[in-house]
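Asks: This is the structure I want to talk about, given as structure tokens.
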Amino acid sequence: MRSSRSTAAEVQVSQVPGRLAALGRVCFRHRRWVLAFWALVLAVGVVIGGRVFEGSVASTGSGGSESAAGSAVVQAADPVRGTVTAVVDGPEVGGAGVRAAVERASAEVAELPGVVSVADTYATGGQLTAGDGKASLVNVRMADGSTAKQLAAVTDRLERIDADGAHTVVGGDLVLQQEVKDQTAKDTRFGEIVTLPLTLIVMVLVFGGLAAAGLPGIGAIASVGGALLAMFGFSRIMDIDTSVLPIATVLGLGLSIDYALLMVNRFREERGHGADIAQAVERTAATAGRTVAFSGLTVAVALSGLFVFTSPVFRAVAAAGVSVVVIAVAAALTLVPALLGFMGSKIKAPTAPVPDEGFFSRTVRRVQRRAVPVMLACVALLLAAGAPFLGSEFRNSGADVLPKSFASRQVAETVEARFPNQAPAAVQVVVEGSSQQAQQYADRVVSQLPGVAGVRAVTPVSDRVQTVDVLVNGDPQGAEAKKVVGELRAERGGLDTYVTGDAASLVDFQHEIGSRGPWALALVAAGTLVLLFMMTGSVVLPVKALLMNVLSLGASLGALTLVFQHGYFSSLLGFTPTGGLETVIPVLVFAFAFGLSMDYEVFLLSRIKELHDQGYDCAKSVELGLQRSGRIITSAGLLMVIVFAGFAAGQMLMVKQMGIALAVAVAVDATLVRTLLVPATMTLFGRLNWWAPAPLRRLHRIIGLHEHVELPPLRPVVLPVPRLVKPRGLVGTP
Numbered sequence: 001m002r003s004s005r006s007t008a009a010e011v012q013v014s015q016v017p018g019r020l021a022a023l024g025r026v027c028f029r030h031r032r033w034v035l036a037f038w039a040l041v042l043a044v045g046v047v048i049g050g051r052v053f054e055g056s057v058a059s060t061g062s063g064g065s066e067s068a069a070g071s072a073v074v075q076a077a078d079p080v081r082g083t084v085t086a087v088v089d090g091p092e093v094g095g096a097g098v099r100a101a102v103e104r105a106s107a108e109v110a111e112l113p114g115v116v117s118v119a120d121t122y123a124t125g126g127q128l129t130a131g132d133g134k135a136s137l138v139n140v141r142m143a144d145g146s147t148a149k150q151l152a153a154v155t156d157r158l159e160r161i162d163a164d165g166a167h168t169v170v171g172g173d174l175v176l177q178q179e180v181k182d183q184t185a186k187d188t189r190f191g192e193i194v195t196l197p198l199t200l201i202v203m204v205l206v207f208g209g210l211a212a213a214g215l216p217g218i219g220a221i222a223s224v225g226g227a228l229l230a231m232f233g234f235s236r237i238m239d240i241d242t243s244v245l246p247i248a249t250v251l252g253l254g255l256s257i258d259y260a261l262l263m264v265n266r267f268r269e270e271r272g273h274g275a276d277i278a279q280a281v282e283r284t285a286a287t288a289g290r291t292v293a294f295s296g297l298t299v300a301v302a303l304s305g306l307f308v309f310t311s312p313v314f315r316a317v318a319a320a321g322v323s324v325v326v327i328a329v330a331a332a333l334t335l336v337p338a339l340l341g342f343m344g345s346k347i348k349a350p351t352a353p354v355p356d357e358g359f360f361s362r363t364v365r366r367v368q369r370r371a372v373p374v375m376l377a378c379v380a381l382l383l384a385a386g387a388p389f390l391g392s393e394f395r396n397s398g399a400d401v402l403p404k405s406f407a408s409r410q411v412a413e414t415v416e417a418r419f420p421n422q423a424p425a426a427v428q429v430v431v432e433g434s435s436q437q438a439q440q441y442a443d444r445v446v447s448q449l450p451g452v453a454g455v456r457a458v459t460p461v462s463d464r465v466q467t468v469d470v471l472v473n474g475d476p477q478g479a480e481a482k483k484v485v486g487e488l489r490a491e492r493g494g495l496d497t498y499v500t501g502d503a504a505s506l507v508d509f510q511h512e513i514g515s516r517g518p519w520a521l522a523l524v525a526a527g528t529l530v531l532l533f534m535m536t537g538s539v540v541l542p543v544k545a546l547l548m549n550v551l552s553l554g555a556s557l558g559a560l561t562l563v564f565q566h567g568y569f570s571s572l573l574g575f576t577p578t579g580g581l582e583t584v585i586p587v588l589v590f591a592f593a594f595g596l597s598m599d600y601e602v603f604l605l606s607r608i609k610e611l612h613d614q615g616y617d618c619a620k621s622v623e624l625g626l627q628r629s630g631r632i633i634t635s636a637g638l639l640m641v642i643v644f645a646g647f648a649a650g651q652m653l654m655v656k657q658m659g660i661a662l663a664v665a666v667a668v669d670a671t672l673v674r675t676l677l678v679p680a681t682m683t684l685f686g687r688l689n690w691w692a693p694a695p696l697r698r699l700h701r702i703i704g705l706h707e708h709v710e711l712p713p714l715r716p717v718v719l720p721v722p723r724l725v726k727p728r729g730l731v732g733t734p
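The opening position of the sequence shown corresponds to residue 1 in UniProt numbering, with each subsequent residue numbered one higher.
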């Protein structure tokens with residue numbers, strides 16, 4: 001029995017059943033150890049964060065494809081890591097001062113560690129001279145295994161070629177890779193620096209207090225540390241494409257904020273109902289914790305579809321993405337309860353429950369009165385928004401992933417414009433045979449194909465491996481170039497050949513997406529249907545959710561096409577359109593946006609299902625469900641948009657495309673779809689929303705994941721009535 005000094009606000013309650021409630025209790029009781037563990041994770045993640053970016057690699061194309069196999073044959077025959085190219089521009093190439101400066105630099109670079117060979121225009125008989133005679137190239141081939149420090153030494157020496165006013169710019173594929181790594185790391189840090197303060201401001205407005213607002217930010221920062229650790233681990237066993245790192249980081253940051261937001265919001269609700277801090281943490285873990293765990297599972301299933309593809313970039317994104325989701329869920333279920341134990345008393349609890357009457361309930365009633373027109377209008381709007389994607393073009397970008405101010409892009413554009421014979425050919429054929437056989441193949445087969453503009457001299461890689469550069473008319477990645485790839489693969493001249501190059505890589509990538517994409521889609525759809533059925537017990541709601549997600553996804557891809565292919569708002573966003581979308585982007589957008597859409601679907605359906613299980617009819621369940629969760633869903637969506645927009649403000653084109661696409665997808669889903677389309681369709685279907693065949697209903701009773709948890713009531717403690725003591729000295733007192 002407690003002391004009579006206890007107040008009437010104190011409550012007693014039996015423990016909430018379930019493993020998540022038990023996990024919440026343990027993390028609350030041992031919060032110092034939990035906090036210490038996550039602090040260690042963050043510290044180690046920050047320390048190795050830079051090493052993650054250093055260990056990343058450029059995408060190698062479609063795994064197992066002919067273009068990738070051809071590149072592997074060349075690399076095995078001539079294991080050179082890559083090249084550094086310097087453009088010496090300004091004075092006449094034949095000038096004595098310029099020649100002396102270039103030859104001196106070439107000789108000094110040839111002596112540097114990691115350098116295989118150096119070629120300048122004077123050693124090659126003028127082959128590396130521009131058509132106007134006022135610029136030349138210096139090509140340096142670096143050994144496989146050369147370090148970033150060795151690359152920096154070569155770059156630094158070449159940049160100091162300045163005789164007779166010459167202007168030197170250093171680029172090449174190795175410099176491009178290094179600049180992409182460096183800029184990707186900068187963009188990631190910039191995105192974190194910009195988004196975290198903005199999200200804090202929004203959460204202060206949502207919760208009305210700094211303590212509740214700061215807690216999701218702390219959880220998100222710790223999750224990013226865990227994400228860096230996970231990606232560092234994967235980088236030890238597989239190649240991680242440079243573009244994977246910011247994508248995984250932004251996913252982890254957004255999900256961590258969303259999940260912590262949901263947990264803190266439920267904690268405040270429980271405190272408002274009269275629970276003390278320990279009870280509120282336990283009940284939050286049992287209810288919101290279930291939603292978080294289930295939501296994370298749906299996002300992981302969506303990302304797992306990428307494992308169907310063979311390309312390293314897709315598998316790296318899948319591995320990193322799933323691990324980041326797991327870390328975000330783990331932080332929400334362990335770190336957040338521990339932080340609530342420390343900061344719970346400072347989090348302002350609502351003085352009254354969320355009212356059943358408000359903006360969202362009124363909106364739902366209006367939608368329900370006009371369900372058919374609202375549904376048709378929403379579907380028409382989403383279809384119109386997605387229509388531009390039907391005319392999209394795809395490209396494998398090179399140096400144009402960077403802004404024009406970067407040296408590697410300047411060199412690439414200069415070589416293409418002024419040194420056309422040195423520019424990479426659209427199609428390259430790797431021939432396993434002698435130099436004579438390769439030349440006969442080039443003369444007999446390649447030169448006679450329509451669409452071929454010319455063939456460069458055969459280049460020997462080794463005694464048994466030669467390369468033939470094939471020039472095509474028009475766009476190097478256009479329809480004509482792709483046609484030439486197909487013709488060369490159909491007619492090999494009796495030799496063992498591999499058709500590679502940018503056009504071939506694009507053909508292989510698109511073939512992989514076309515052949516394996518349907519299987520990935522089927523896997524994601526099946527997994528999502530099963531999970532939503534286990535949560536709702538319905539077969540109608542999962543199917544509707546899939547269709548609505550496809551509509552919102554289409555709107556996102558349509559916006560992406562308008563902005564990055566057609567150039568709308570390009571000056572505002574700070575990039576130069578390339579005339580198409582990165583080939584990998586639609587697949588990645590599908591996986592990420594689909595998972596995030598299901599994230600909000602789970603948030604809303606969990607509330608609606610809870611109310612339906614309590615006996616409310618369909619219309620009232622939707623009305624109250626959106627009223628009670630609409631504010632938190634909209635807030636979570638706004639925070640996600642801020643996170644994605646912050647990363648889209650960076651310099652890297654691929655990250656910018658992902659940021660814009662996901663920001664649009666989340667904005668459309670959290671507003672138009674959840675606020676209008678879901679209530680309209682659920683109103684039209686009525687009781688049919690919860691329909692399932694009898695065998696599946698029996699199955700659901702066995703394996704169903706019941707989102708609603710029966711919480712023990714919070715009962716006020718019956719306090720003893722204190723005895724009234726008769727004051728001494730007062731006459732007439734009873």
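Note that beta-carbon positions come from the ideal geometry of N, C-alpha and C, so glycine has one too.
Determine the DSSP secondary structure at residue 394, reduced to helix, strand or coil.
Replies: Strand, per DSSP.
Asks: So for residue 361, helix, strand or coil by DSSP?
Replies: If DSSP states are grouped into helix, strand and coil, residue 361 belongs with the helices.
Asks: Assuming residue 466 is part of the beta strand (DSSP E), what are its boundary residues?
Replies: That run of the beta strand (DSSP E) goes 465–472.
Asks: Cβ of residue 455 within 8 angstroms of Cβ of residue 461?
Replies: No. Outside cutoff.
Asks: One question on the structure: do residue 401 and residue 316 come within less than 8 angstroms of each other, judged by their Cβ atoms?
Replies: It is not a contact, given that the beta carbons lie outside the stated cut-off.
Asks: I need the DSSP call for residue 60, collapsed to helix, strand or coil.
Replies: With a pLDDT of 49 at residue 60, under the threshold of 50, the predicted position of this residue should be treated as unreliable, though the coordinate-derived value follows. The answer is coil: DSSP assigns residue 60 none of H, G, I, E or B.
Asks: Grab me the residues of residue 33's own chain with a C-beta within less than 7 angstroms of its C-beta, minus the 5 sequence neighbours each way, in chain order.
Replies: Same-chain partners within the cutoff: there are none.
Asks: Output the boundary residues of the alpha helix (DSSP H) element that contains residue 441.
Replies: Note, residue 441: alpha helix (DSSP H), 435–441.
Asks: State whether the stretch 412–430 contacts the stretch 674–685, with contact taken as three or more CB pairs (one from each stretch) at a distance under 8 angstroms.
Replies: No, the stretch 412–430 is not in contact with the stretch 674–685.
Asks: Between 15, 37, 253 and 623, which has its C-alpha nearest residue 358's C-alpha?
Replies: Here the closest residue by C-alpha is 623.
Asks: Would you say residue 531 lies against chain D (beta-carbon separation less than 8 angstroms)?
Replies: This model lacks chain D altogether, as it is built from one protein chain only.
Asks: Taking buried to mean at least 16 other C-beta atoms within 10 Å of its own C-beta, is residue 111 buried or exposed?
Replies: Exposed is the call here.
Asks: For the beta strand (DSSP E) that residue 115 lies in, which residues bound it at each end?
Replies: That run of the beta strand (DSSP E) goes 115–120.
Asks: CB of residue 318 to nearest heavy atom of the ligand HEM: below 7 angstroms?
Replies: With respect to small molecules bound, the structure shown includes none, and the ligand HEM cannot be examined in it.
Asks: Below 8 angstroms between beta carbons: does that hold for residue 73 and residue 499?
Replies: Not closer than 8 angstroms, so no.
Asks: Report the rounded CA-to-CA distance for residue 691 versus residue 528, giving the unit in angstroms.
Replies: If you take the alpha carbons of residue 691 and residue 528, they lie about 17 angstroms apart.
Asks: Thinking just about the alpha-carbon of each residue, which of 598, 118 and 171 is nearest to the one in residue 85?
Replies: The shortest C-alpha separation from residue 85 is found at 171.
Asks: If you draw a straight line from the alpha carbon of residue 15 to that of residue 21, how long is it in whole angstroms?
Replies: Each residue's Cα considered, the two are about 8 angstroms apart.
Asks: Could you tell me which residues DSSP pairs with residue 500 in its beta bridges?
Replies: Its beta-bridge partners are 428.
Asks: Can you tell which of 411, 413 and 468 has its C-alpha closest to the C-alpha of residue 437?
Replies: For the residues 411, 413 and 468, the minimum Cα distance to residue 437 belongs to 468.
Asks: At what residue ranges does the stretch 65–142 contain a whole run of the alpha helix (DSSP H), taking only runs of 4 or more?
Replies: Listed in chain order, the complete alpha helix (DSSP H) runs (minimum 4 residues) inside the stretch 65–142 are 66–77 and 96–110.
Asks: So, under 8 angstroms CB-CB, residue 553 and residue 247 are touching, yes? Tell me the CB distance rounded to an integer number of Å.
Replies: Contact doesn't hold; Cβ gap of about 17 angstroms is too wide.
Asks: Please state the DSSP three-state secondary structure of residue 230.
Replies: Of the three classes helix, strand and coil, the one that applies to residue 230 here is helix, per DSSP.
Asks: Cα-Cα, which of 629, 383 and 653 is closest to residue 576?
Replies: Here the closest residue by C-alpha is 653.
Asks: Starting from residue 289, trace the alpha helix (DSSP H) both ways and give me its first and last residue.
Replies: Looking at the DSSP string, the run of the alpha helix (DSSP H) that includes residue 289 is 277–304.
Asks: Excluding the 5 residues flanking residue 459 on each side, which residues of the same chain have their C-beta closer than 6 angstroms to its C-beta?
Replies: Cβ within range, chain order: 467.
Asks: In angstroms with no decimal places, state the Cα-to-Cα distance between residue 384 and residue 329.
Replies: The alpha-carbon atoms of residue 384 and residue 329 are separated by roughly 36 angstroms.
Asks: So residue 414 is in the beta strand (DSSP E); what residue range does that whole segment cover?
Replies: No beta strand (DSSP E) contains residue 414, which is instead part of the alpha helix (DSSP H) from 407–418.
Asks: Give every residue of the same chain whose Cβ lies closer than 6 angstroms to the Cβ of residue 19, excluding the five residues on either side of it in the sequence, and list them in chain order.
Replies: Excluding sequence neighbours, residue 19 sits near nothing in its chain.
Asks: Could you tell me which uninterrupted alpha helix (DSSP H) segments, each at least 4 residues in length, are contained entirely in the stretch 494–543, listed from first to last along the chain?
Replies: The stretch 494–543 contains these whole alpha helix (DSSP H) runs: 502–536.
Asks: Taking the C-alpha atoms as reference points, what is the distance between residue 94 and residue 133?
Replies: Cα to Cα, the separation comes out at about 8 angstroms.
Asks: Tell me which same chain residues have a C-beta within less than 7 angstroms of the C-beta of residue 621, skipping the five on either side of it?
Replies: Cβ within range, chain order: 608, 611 and 612.
Asks: For residue 749, which residues in the same chain have their Cβ closer than 7 angstroms to its Cβ, ignoring the five residues on either side in sequence?
Replies: The requested residue 749 is not part of the displayed model; the chain covers only 1 to 734.
Asks: Between which two residues does the beta strand (DSSP E) holding residue 453 run?
Replies: 452–455 is the extent of the beta strand (DSSP E) around residue 453.
Asks: Would you decide whether residue 388 is buried or exposed? Buried here means 16 or more other CB atoms lie within 10 Å of its CB.
Replies: When all chains shown are included, residue 388 counts as buried.
Asks: Could you give the distance in angstroms between the alpha-carbon of residue 265 and the alpha-carbon of residue 590?
Replies: Computed Cα separation, rounded: 29 angstroms.
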